[in-house]
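Counting in my numbering, the sequence shown runs from 219 upward without gaps.
Heads up, the thing below is written out as structure tokens.
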Amino acid sequence: MNPQELKSILSAGLLSFPVTDFNAQGDFNRAGYIKRLEWLAPYGASALFAAGGTGEFFSLAASEYSEIIKTAVDTCSSSVPILAGVGGSTRQAIEYAQEAERLGAKGLLLLPHYLTEASQDGVAAHVEAVCKSVNIGVVVYNRNVCRLNAPLLERLAERCPNLIGYKDGLGDIELMVSIRRRLGDRFSYLGGLPTAEVYAAAYKALGVPVYSSAVFNFIPKTAMDFYHAIAREDHATVGKLIDDFFLPYLDIRNRKAGYAVSIVKAGARIAGYDAGPVRAPLTDLTGEEYEMLAALIDKQGAQ
219 MNPQELKSIL SAGLLSFPVT DFNAQGDFNR AGYIKRLEWL APYGASALFA
269 AGGTGEFFSL AASEYSEIIK TAVDTCSSSV PILAGVGGST RQAIEYAQEA
319 ERLGAKGLLL LPHYLTEASQ DGVAAHVEAV CKSVNIGVVV YNRNVCRLNA
369 PLLERLAERC PNLIGYKDGL GDIELMVSIR RRLGDRFSYL GGLPTAEVYA
419 AAYKALGVPV YSSAVFNFIP KTAMDFYHAI AREDHATVGK LIDDFFLPYL
469 DIRNRKAGYA VSIVKAGARI AGYDAGPVRA PLTDLTGEEY EMLAALIDKQ
519 GAQ
């Protein structure tokens, strides 16, 4: 799959990030991960991102990363494209990127570099170096310390033909509009704010109809129903699901920092696909919060 073919796939449909399965000792659980991917793949997501933010990329050892990406690629080779999360320092990100390409990933999601503040030019150089290290398509994730502006993204687009996507995790509407207007159809644009469904209608109005769904991990049918309601501008269905599920869900998620991942793993367990605990420094939901989430999920019916 060449980068332009991947761009076409990413420009329509729902995307998702499977959680990474760990056993009780916190080690990668390959069998559980295969079972999860086999369950999720037929629901109709356009692409799945292995070892992304929801997949706890930040906690993975290099050897685990290779096994996770290989497992995802091998399991989903005939059903849905796999993109791999990559990040860290520039040299680390290049190593991850080249390993993911070697293992057969169709593309990469370049996650924000860790901690260090950097100038716009420095961040752009980081993105360019990673793009030029591989031949597969790359999506850059503007979030946290990665805040590329429209002129630099335009420069990167000229220098890196395989930079085919822009994912927004900042929620800066002025910046999003300036990027979308300046770059036009050069990129596939993805909504990437946590619990993106809450912002989906607003982003669609900005020309960003595609987003990644974390709740697809445990209510895949409902996640697809919501995406289709957004696409056809079925405001009644969208409003009902936001009121009945997403706003109460946010009330639980917002109780502690890091719960954006923890609550998804709890949901997977409730759905019968236990992915094990989150890794430190994240913490799992309390028993009370778990029961609150279980009640919300139950109201969505069979998936």
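By construction, the Cβ of each residue, glycine as well, lies at the ideal position given by its N, Cα and C atoms.
Please report the residue range of the alpha helix (DSSP H) in which residue i lies.
{"i": "Tyr314", "result": "Thr308 to Arg320"}
{"i": "Leu255", "result": "Arg248 to Leu258"}
{"i": "Thr289", "result": "Ala280 to Cys294"}
{"i": "Phe444", "result": "Pro438 to Ala449"}
Which residue marks the beginning of the beta strand (DSSP E) containing residue i, and which one marks its end?
{"i": "Ile300", "result": "Ile300 to Val304"}
{"i": "Val356", "result": "Gly355 to Asn360"}
{"i": "Leu381", "result": "Leu381 to Asp386"}
{"i": "Gly340", "result": "Gly340 -> not in any beta strand (DSSP E); alpha helix (DSSP H) instead, spanning Gln338 to Lys350."}
{"i": "Gly325", "result": "Gly325 to Leu328"}
Might you give, ordered along the chain, the residues of its own chain that have their beta carbon closer than 8 Å to the beta carbon of residue i, omitting 5 neighbours on each side?
{"i": "Gly476", "result": "Val496, Pro499, Leu500 and Thr501"}
{"i": "Ile209", "result": "Any question about residue 209 goes unanswered here, given that the chain covers just 219 to 521."}
{"i": "Gly409", "result": "Lys385, Asp386, Tyr417, Ala418, Tyr421, Val426, Val428, Tyr429 and Ser430"}
{"i": "Pro379", "result": "Pro221"}
{"i": "Thr272", "result": "Phe235, Pro236, Val237, Ala432, Asn435, Ala478, Val479 and Val482"}
{"i": "Gly494", "result": "Asp239, Phe240, Asn241, Ala242, Gly244, Asn247, Gly250 and Lys483"}
{"i": "Arg398", "result": "Tyr407, Leu424, Gly425 and Val426"}
{"i": "Gly485", "result": "Val433, Asn435, Phe436, Ile437, Leu511 and Ile515"}
With DSSP collapsed to three states, give me the class of residue i.
{"i": "Arg373", "result": "helix"}
{"i": "Ser432", "result": "The sequence shown places Ala at residue 432, rather than the Ser named in the question. In this structure, Ala432 counts as coil in the three-state DSSP scheme."}
{"i": "Asp403", "result": "helix"}
{"i": "Leu511", "result": "helix"}
{"i": "Leu266", "result": "strand"}
{"i": "Phe235", "result": "coil"}
{"i": "Cys364", "result": "strand"}
{"i": "Gly389", "result": "coil"}
{"i": "Gly485", "result": "helix"}
{"i": "Leu224", "result": "helix"}
{"i": "Gly505", "result": "helix"}
{"i": "Gly425", "result": "coil"}
{"i": "Gly409", "result": "strand"}
{"i": "Gly457", "result": "helix"}
Going by beta carbon distance, what residues of the same chain come within less than 6 Å of residue i, once the five residues before and after it are set aside?
{"i": "Val363", "result": "Pro330"}
{"i": "Tyr314", "result": "Val304"}
{"i": "Lys444", "result": "In the sequence as displayed, the identity of residue 444 is Phe instead of Lys. For Phe444, where only same-chain residues beyond five positions count, the Cβ hits under 6 Å are Glu415 and Leu459."}
{"i": "Met219", "result": "Lys324"}
Whose C-beta lies closer than 7 Å to the C-beta of residue i among residues of the same chain, with five residues either side of it excluded?
{"i": "Arg404", "result": "Ala375"}
{"i": "Pro466", "result": "Leu514"}
{"i": "Lys422", "result": "Ile448"}
{"i": "Ile312", "result": "Ala347, Val348 and Ser351"}
{"i": "Val298", "result": "Ala259, Ala263, Ala265 and Leu266"}
{"i": "Met442", "result": "Leu232, Tyr261 and Gly262"}
{"i": "Ile488", "result": "Phe436, Leu511, Ala512 and Ile515"}
{"i": "Val395", "result": "Leu424"}
{"i": "Trp257", "result": "Tyr491"}
{"i": "Ala318", "result": "Ile287, Ala302, Val304 and Leu326"}
{"i": "Glu372", "result": "Arg400 and Leu401"}
{"i": "Arg377", "result": "Glu346"}
Is the beta carbon of residue i within less than 7 Å of some heavy atom of the ligand MN?
{"i": "Ile286", "result": "The model on display carries no ligand, and the ligand MN is accordingly not part of it."}
Is there a C-beta anywhere in chain B that falls below 8 Å from the one on residue i?
{"i": "Leu266", "result": "The structure shown has no chain B; it contains just one protein chain."}
- Query: Looking at C-beta atoms only, is the number of pairs between the stretch 475–489 and the stretch 507–515 that lie closer than 8 Å three or more?
  - Reply: yes
- Query: Unbroken alpha helix (DSSP H) runs of length 4 or more, entirely within the stretch 459–503: which are they?
  - Reply: 465–471 and 477–488
- Using 8 Å as the threshold, is the stretch 235–253 in touch with the stretch 280–288, meaning 3 or more CB pairs across them? yes
- Query: On the three-pair Cβ rule with 8 Å, is the stretch 387–395 touching the stretch 435–442?
  - Reply: no
- Message: Taking contact to mean 3 or more Cβ pairs, one atom from each stretch, closer than 8 Å, check whether the stretch 262–279 and the stretch 455–473 are in contact.
- Response: no
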